[in-house]
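So for the sequence shown, my numbering puts the first residue at 179; every next one is plus one. For glycine and all other residues, C-beta sits at the position ideal for the given N, C-alpha and C. Here the structure is laid out as structure tokens; the discussion comes afterwards.
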Amino acid sequence: MGDIRRRGAVALGVTALVAPLTLALTAAPAQAASCTAKAGPYQKKAEKFLGRKADGKQSTADCKAIRAFQTKHGIQPDAGYAGPVTWGVMDLMTKQKAVGKNPNKAGKCPTNKGRVACVNLSLQLSWIQDGKKLVYGPVPVRTGRNGYETRTGLKKVYWRNIDHVSTIYHVPMPYSQFFDGGQAFHSVGVSMWNPPGSHGCVNMTKTAAKKYWSLLKKGDDVYVYGRKPGT
């Protein structure tokens with residue numbers, strides 16, 4: 179009985195410690211999420227990207243627009259501050275859009291391999307081509323962050339698992355097509371522009387990953403080149 183009383187006292191003590199800690203943790207995000215009145219170093223560029231009056235001055239409406247963009251793409255803190263990470267995402271989107279339907283204009287992805295899945299790390303774009311013919315894409319992708327870079331070079335799809343679950347990170351990797359060790363094409367539930375990036379895989383939207391699954395097969399070539407911004 180004495181042991182039971184001691185356990186009860188310990189439990190009450192732990193509860194007393196956890197309650198204020200829980201309150202402190204739940205209160206912090208609300209404070210961090212407040213909209214900033216300060217203009218960031220990329221204020222004018224961010225305003226222009228979002229189609230707002232590009233005067234370089236932060237307004238409540240500017241902050242809300244920037245903050246909505248940050249929240250959508252998982253940029254933290256999402257306080258409406260036009261900093262380098264936010265502008266980096268916007269700039270990348272602009273460059274991706276400029277590619278249009280000619281992703282291999284520079285000829286860096288080989289056209290003498292038949293069907294090949296190309297990955298341009300510099301622009302965070304991927305597409306499937308057959309010789310010089312564009313089969314699908316380009317689509318935005320999310321590749322390896324600094325320290326977990328997606329490895330470059332010519333590879334081949336060597337294993338496919340539609341319902342794969344990572345044995346390292348214990349997260350679902352639907353439509354996985356492995357081409358270099360543990361690195362694979364697969365779908366994720368986050369924005370393709372969510373920083374800082376993956377742990378080496380080429381993340382895709384579910385739509386793109388399903389299409390790649392239907393177009394590629396074991397033994398098909400994959401060519402990865404360039405360098406992801408920030409790595």
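CB-CB length for residue i against residue j, believed under 8 Å
i: Leu394; j: Val343; result: Contact doesn't hold; Cβ gap of about 20 Å is too wide.
i: Thr272; j: Val297; result: Not confirmed; about 20 Å, so no contact.
i: Ala362; j: Ser354; result: 5 Å
i: Gly378; j: Gly360; result: 7 Å
i: Ser365; j: Thr383; result: 6 Å
i: Tyr314; j: Lys389; result: 6 Å
i: Asp256; j: Arg245; result: 5 Å
i: Asn282; j: Gln307; result: 6 Å
Burial state of residue i, where buried means 16 or more other Cβ atoms lie within 10 Å
i: Val402; result: buried
i: Pro316; result: buried
i: Leu203; result: Model confidence at Leu203 stands at a pLDDT of 31, short of 50, so the residue's coordinates are unreliable and nothing is read from them.
i: Gln254; result: exposed
i: Asn381; result: buried
i: Ile340; result: exposed
i: Gln209; result: Note that Gln209 scores a pLDDT of 40, beneath 50, so its modelled location is shaky; the value from the coordinates is reported in the next line. Exposed: under 16 other Cβ atoms inside 10 Å.
i: Ala224; result: buried
i: Val294; result: buried
i: Ser212; result: exposed
i: Thr385; result: exposed
Option nearest residue i by Cα separation, candidates the options
i: Arg323; options: Leu299, Tyr390, Val294 and Lys216; result: Leu299
i: Lys222; options: Val319, Trp265 and Thr330; result: Trp265
i: Ser376; options: Ala387, Val319 and Thr345; result: Val319
i: Met268; options: Gln307, Val366 and Gln302; result: Gln302
i: Lys286; options: Gly331, Thr249 and Gln248; result: Gly331
i: Lys406; options: Gly252, Pro374, Ala224 and Ala239; result: Pro374
i: Lys279; options: Leu312, Gly234, Asp399 and Ala387; result: Leu312
i: Val400; options: Ala217, Thr238, Pro219 and Lys333; result: Lys333
i: Lys242; options: Val277, Lys216 and Thr385; result: Lys216
i: Gly258; options: Thr409, Pro219 and Leu270; result: Pro219
i: Thr214; options: Thr238, Phe227 and Glu225; result: Thr238
i: Ala260; options: Phe227, Asn290 and Thr289; result: Phe227
i: Arg338; options: Val349, Trp391, Arg329 and Asn290; result: Trp391
i: Gly408; options: Thr385, Val263 and Thr249; result: Val263
i: His251; options: Trp371, Ala386, Ala387 and Gln236; result: Trp371
i: Met351; options: Asp358, Ala387 and Thr328; result: Ala387
i: Arg329; options: Gly309, Tyr347 and Asp358; result: Asp358
i: Ser304; options: Gln274, Lys310 and Gly292; result: Gln274
Delimiting residues of the beta strand (DSSP E) encompassing residue i
i: Ile244; result: Element bounds for Ile244: not the beta strand (DSSP E) but the alpha helix (DSSP H), Thr238 to Lys250.
i: Gly331; result: Gly331 to Lys334
i: Val380; result: Val380 to Met382
i: Tyr259; result: Tyr259 -> no beta strand (DSSP E), and no H or E assigned at all.
Residue i, enclosing alpha helix (DSSP H) - first and last residue
i: Ala215; result: Unbroken run through Ala215: none, as it is neither H nor E.
i: Gln274; result: Pro262 to Val277
**OP:** Ignoring anything shorter than 3 residues or poking outside the segment 279-328, list the beta strand (DSSP E) runs there in chain order.
**Re:** The qualifying runs are 293-298, 303-308 and 311-318.
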